[in-house]
Amino acid sequence: MSAQNVKRTKEDPHMFHVITNAGTTNSPVPHAAASWLIPPQEALFALAYNSGTILLLRLDTKTGLVHSSELKQDSIVPRFLSGIATAFRGRNSEAHVAMSLTIHSCESDTYLFALCREGNIRMWSCNKAQCVAVTDTAIDNRIASQGAQGHILRKALGPNNELYLGTFLKFSTRCEFSILKPIQDNGMFKFVRLCTKFAQDQHLVDFFFTTTRLWAVWRTTDMDTVEVTHAQLSLSGGRVNSEWEAAILEQTPDRDYILSDADTDPRQAYINYIFHPGQFSLADITKALNIYKRSNFLEDKILSAAELKERVCIAVEAEIQAEIMDYELMDEDYLEIANRCWSKFYSWVIQYHANSTRPVGLLLLPSVYGVVLLKKSCFSLLRPMEALEYLMFCNERSYTSRFKTTPVLSQDEDICQDLITLMSALVLLEEQLSEETKTAVKRELYHLKSPDTIIDDLLSKLMLESEEPISNFVTHHLSCHKLSNVRDISSAMAMLLETLTYDLGQPNKVHLNDDHDASILLLNINHFFSSHLGISAISKSVAQITQLRFAICRNLLILQQMILLRPELFDSRSLHSIKSSLAPKTVVLMQAYYVVTWICESTALPMPVQSLLDSSVQRLALLKLVDSRANIGFKQHRSSSLLELFIENSGAKHAHNLMAHTNLDATSLIPWHYGMLTHITFIAQLVWPRSGNFIFPEWLLSSCQFLLVQEYVRLLNTWCEWNSASRKFILAVALLEMGEAHKACDHFLRASRGILTDEFLADALLESSVLSENSSLIQYYLKVIKLFEEHNASDCIIELAETAILMADKDDPNLPTLHSIVFMQHLNLGHHIKAYNCLNSNPDVARRVDCLRQLVVTLFERKKLIDLISFPYVDMYEDLERIVEGRARSVDLIENNYYNFLYSFHIDKGNMRKAASVMYEQAMRLSQESQSVAIVSRQAQCLLACINALHLVSEKYRWIVRPVIDQNYLEEMDYEVQTRRSISSEDILHYKIKKQVEVLELNDIKREYYIVDARLKVSKINSELHIVSHAGPSELIIILPTIGLYTTALHLCDEFNVNKSSVLESLASQCIRLSRGEDPNAWDWLIQNDIFDIGLSNTNITNTAWRLLEYLTLKHEKDRYSELHKAVTRKLLQEGAFIPQWLLMSYKKRNAAELLRLMLNAGRILEASELGVEYINAVMGDGKENFGLKTHLTSVTTPVWLPLNILEVLLYELKEVKENPTFSESYQRLQGALQSYEQKVIRVSKDMIEIKLSSKNC
């Protein structure tokens, strides 16, 4: 039934009844009760009162109706005769008061049995409310004592469901148990006495019985100790041993806990003792804490062991500080105060523990032959004793026939008798050894001292303390007197040692095979002692048994040493056997049992935080020590022993499997006296250190109990040869998880020797069972290296890998992997030279290339390019070049500088053309990136480097082959993805760029640079770089003048043969604007035109701009050309600005006619008339040098041209406006000049004719 259903049932009003007058003034209170459920829906309750009345209540659980009736002593006779009957008996009504009740159904009626104060049993019919039978239970009809000890009535059912009643009566001098059987004879009920047992005069707490045994719980006369006794019953009349036997109960904790070591911290000692698993309940400790703190407040929250431990420490520490106050104390004084405060708290714990463990009753479990001792706040299970326990605790009642079915002991009856006598000597030794001596022996064992040395020292100490001589001490010792009755002491010791040895017949390893019968049995027993209670019981039982066995080994070793001290008292064969064989075996068993007791007593460490636990589990999963999907975390509300945790997580499963494979009948395992001991034995075998299985240490590691792993291995290290390599291995793993990498590495190296001999190592680490020793070692080291990689312990990995390399065969396929591992770890540590040497020594070419790739990537990330370029790559130049090129083409250009490294590498090796090609490719890649100032600047630097490299090559080789990448580079690039697994497991994409052969000469590269440089200059001034990111020369030439970069624009015009007129026109416009109003910001663009370098700087912005226009116009105008002059002049004329003198002078020399035409077209007729007059005069010889004329108009020189048509048009224009005085003078001057020119032309023409005629005549 689920908890919810139980709660719902309890709250159902039909399921209970309240007696309304209970608790009112003068209302009777029942002192005994019984209940019974009559299927399907009736519940029966019987309540006994001091008045002698028994109230019988019937509750209908379906309707909730209650029917009550009273059972009185006179119901058996008519009412008017009841007083006479009482008088005849001579007893008052108090004698009829029921002291104990029980109910039982038989056929169609239900009967109530009441044991009265007078010692009678009355049998009542519940249906008729009548007493149907009465009998005296005392055998001699004596009246039972009327003291505080009440009578007790119990019932039991036989195999055929027959009813038996058991009674307990307390007399003044003794106690009496009677077993009665109610029977029906001729319609009348009567009681048959089956047996009677007498017991000592003590206080009975409770008793129960079965058809074969009677169990009783007693409090001693001083009410301080508890005793559980049992005796055999023979209800069929057979002969049985009628003696009472006492159950061996666990000793209660000492009332005064004394520190074993004066130097021990009281806090640590008391905390460890109080919170030791199973010592005290957390409820008792909590109550003691509240009293100690003088607090009446009780928390509803149930504290965990860790939380309660912390609060106890805080409370006691506060008490200590309150006593110390502000005084300065010596260490001794402080320890005394601390010890007193902790002792006070401990006393409260002891008091609450004694109260909560006070026995209140017994509970028998007949189906499993189990007995439960009920206490006030808990209960204890009574388990059967094994043979050695019986020999120790019940030695005086031991006899050989009792062990006829016990393995080993049943082999020889005579030796078994000698063994019983031998055990009596050991019992005597146990009684004589003080607790201090026993603790000292354990302490020495903990410090790894050999047991034989410990016992030798112990005997020496005991002999020195004794006043008798050494010989007399041994001879007169009672244990030696006991041995005088032993006929063959060596055989008896051998039998005892064989019984003590757990690994006899134990399988080396638990195998889960496919045995059908075993599988069926496993299904039936896999729940066996698997609950929390069952696990706790088994754990405690193993602890008790191993503790006893350890004591037997210790006492046996003492006895053996005592025997060897007096050789004359024993025969030589026995002495030789003891010295050569038995004593060494005892030493080993003593050490083994000490380790098992340590496992039982050690407290499991709390689990680390979940994140740390998960990481540890993931690492252990690499070795297949734990399933990474399994959740091994556990939440402990109370402290658990290491053994208990092992049984819960793994031990029970393996024990069930062992049971299933021992061909046992499942029904035979049900009784505790067989099944529990079998289970205990299997659990003990699983933790036994001298065995072939490695289940417990493996679990200890997989459960992340790393500190306890170290302690476990330490305790076994000096003496146990079994699984030594496996223990070193788990110790190494534990140390590694605790951060002790170097110690772990040392133990891993030592553990490697057992890779083929230890089954655990082979199963966990080897992938195949058929391997050579060297191959096995290599696999072992590779698995271990994986562990260290999880912890980033590079130096240890190097040591392990180098060791493996020395052991590996030359053709071992894992050899390249090991070299790669060493390379990788040196690289991680920054040992670049060592990493390169490891790379170079790798026998596998492919691995070598992979390592080289990783070296390149890592050194680039660390900015250690000088190291990378300084290595002598011998025959790996091409590999290096290919790797760096691949990386350069596959990674982000902005974040990496693989191209720069390649450039430096080729420069260092003197390969200038490759260096130039690399820089050009980088510039080409940069051009495809999203444009920014940084990218454009870097592109310009790449092109400059390329140009520089080509300049260092002979002229005929100043060219490179350019890979052509389409404009849609990122989308349409034809690349091939080659996935290569590098050492760091990184997938690298290699882009194989589709190449076309296109020769690129130096001048082509320079032109590209000029474009990029122009873009860079634009980008520094204009943030909207996308405008010019893909602009060509013609677009740039238009853009550059708009931001004042005239020299750059003119340079582009020179390089790409573009007309410069637009550039100078723009500059002319800028000069005109400055002339009309100065702009202080104009210095920004003026400086960009290198005015200081060409000596044009001036304090006046306008003058500087005009001088720049003059400089650029004159510089860039070709000889005999006037194109730029025309453009500038036209712009000035269009803007209505004056024409500077320098421009007039220069233009007149280059093309005065064109200048005249521009002025005329612009309507500047006055300036045109002046120019025309000057031009006419120059042609006639006056100022010809100002117009660039080499000759003037004469008859003997070359002809001189004059734009007469333009002058005539100009004259016509002036004639139209000659009425205006402004133009009249110009008209007259021009007209006069033309007339003079005309006359001179006529004259020169005549002279030329004459000269021509005269030359002919001559």
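Residue numbers for the sequence shown follow my numbering, beginning at 58 and rising by one. We put the beta carbon where it would ideally sit given N, CA and C, even for glycine.
Start-to-end residues for the alpha helix (DSSP H) that takes in residue i
{"i": "S400", "result": "D388 to S413"}
{"i": "W776", "result": "First-last for W776: undefined, no H or E at that position."}
{"i": "F958", "result": "Y955 to K966"}
{"i": "S1058", "result": "It is worth fixing the name first, because residue 1058 is Glu in this sequence and not Ser. It is not in any alpha helix (DSSP H) - E1058 instead sits in the beta strand (DSSP E) that spans V1056 to E1058."}
{"i": "G591", "result": "H589 to L622"}
{"i": "A497", "result": "E492 to Y503"}
Opening and closing residue of the beta strand (DSSP E) in which residue i lies
{"i": "Q489", "result": "Run containing Q489: none in the beta strand (DSSP E); it sits in the alpha helix (DSSP H), E470 to Q489."}
{"i": "P1278", "result": "Not the beta strand (DSSP E): P1278 falls in the alpha helix (DSSP H), residues P1278 to N1314."}
{"i": "E443", "result": "It is not in any beta strand (DSSP E) - E443 carries neither H nor E in the DSSP assignment."}
{"i": "I1017", "result": "W1016 to V1018"}
{"i": "A91", "result": "A89 to I95"}
{"i": "H161", "result": "A155 to C163"}
{"i": "L632", "result": "Taken as a continuous stretch (DSSP letters only), L632 belongs to no beta strand (DSSP E), being part of the alpha helix (DSSP H) at S629 to S634."}
{"i": "V914", "result": "Counting along the chain, V914 falls outside any beta strand (DSSP E), though it belongs to the alpha helix (DSSP H) covering V902 to E918."}
Option in the options with minimal Cα separation from residue i
{"i": "F1195", "options": "R1130, A980 and H1008", "result": "R1130"}
{"i": "D868", "options": "I842, P900 and V653", "result": "P900"}
{"i": "I923", "options": "S961, E374, E1092 and F753", "result": "S961"}
{"i": "K840", "options": "D509, I878 and T814", "result": "I878"}
{"i": "S467", "options": "K499, L438, A549 and L521", "result": "A549"}
{"i": "E1174", "options": "V645, N329 and R1207", "result": "R1207"}
{"i": "L1107", "options": "W1016, D1147 and G1134", "result": "D1147"}
{"i": "T30", "options": "M72, K518, S291 and S338", "result": "This structure cannot speak to residue 30, because the chain is shown only from 58 to 1315."}
{"i": "A103", "options": "M156, L896, A1002 and A1290", "result": "M156"}
{"i": "H22", "options": "N583, Q1145 and K350", "result": "This structure gives no information on residue 22, because the portion of the chain shown stretches from 58 to 1315."}
{"i": "S698", "options": "L715, E658 and A273", "result": "E658"}
{"i": "I236", "options": "L251, N243, L226 and F246", "result": "L251"}
Own chain partners of residue i with C-beta closer than 6 Å, once the 5 adjacent residues on each side are dropped
{"i": "E1224", "result": "M1216"}
{"i": "A1006", "result": "M969, A972 and A973"}
{"i": "S434", "result": "S413"}
{"i": "Q604", "result": "T654"}
{"i": "I1299", "result": "none"}
{"i": "K461", "result": "S467"}
Per DSSP, cross-strand counterpart(s) of residue i
{"i": "N177", "result": "D193"}
{"i": "W272", "result": "F265 and H287"}
{"i": "E1174", "result": "DSSP output for E1174 lists no bridge partner at all."}
{"i": "P416", "result": "K432"}
{"i": "I111", "result": "A105 and L128"}
{"i": "R211", "result": "G223"}
{"i": "P239", "result": "F248"}
Neighbourhood of residue i by C-beta distance below 8 Å, restricted to the same chain and skipping five residues each side
{"i": "D571", "result": "Only weak support exists for where D571 lies, its pLDDT of 48 falling under 50; the coordinates are left without a value."}
{"i": "L439", "result": "V285, A304, G427, V428, V429 and L430"}
{"i": "R630", "result": "S547"}
{"i": "R810", "result": "A782"}
{"i": "L632", "result": "I620, L621 and P624"}
{"i": "E1167", "result": "P1197, W1199 and L1200"}
Neighbourhood of residue i by C-beta distance below 7 Å, restricted to the same chain and skipping five residues each side
{"i": "F928", "result": "Y893"}
{"i": "S685", "result": "Annotation note: pLDDT 44 at S685 (below 50); position unreliable, coordinate value reported separately. Contacts found: V674, Q675 and A678."}
{"i": "V543", "result": "D475, T478, L479 and A549"}
Anticipated Cβ contact below 8 Å, residue i with residue j, distance rounded
{"i": "L677", "j": "S588", "result": "L677 to S588, Cβ: 28 Å. No contact."}
{"i": "N780", "j": "F751", "result": "5 Å"}
{"i": "L1200", "j": "H1182", "result": "7 Å"}
{"i": "F265", "j": "L419", "result": "5 Å"}
{"i": "L114", "j": "E127", "result": "About 10 Å separates the two Cβ atoms, so there is no contact after all."}
{"i": "T159", "j": "R211", "result": "7 Å"}
{"i": "P97", "j": "V274", "result": "That belief does not hold up - the Cβ atoms of P97 and V274 are roughly 36 Å apart, past 8 Å."}
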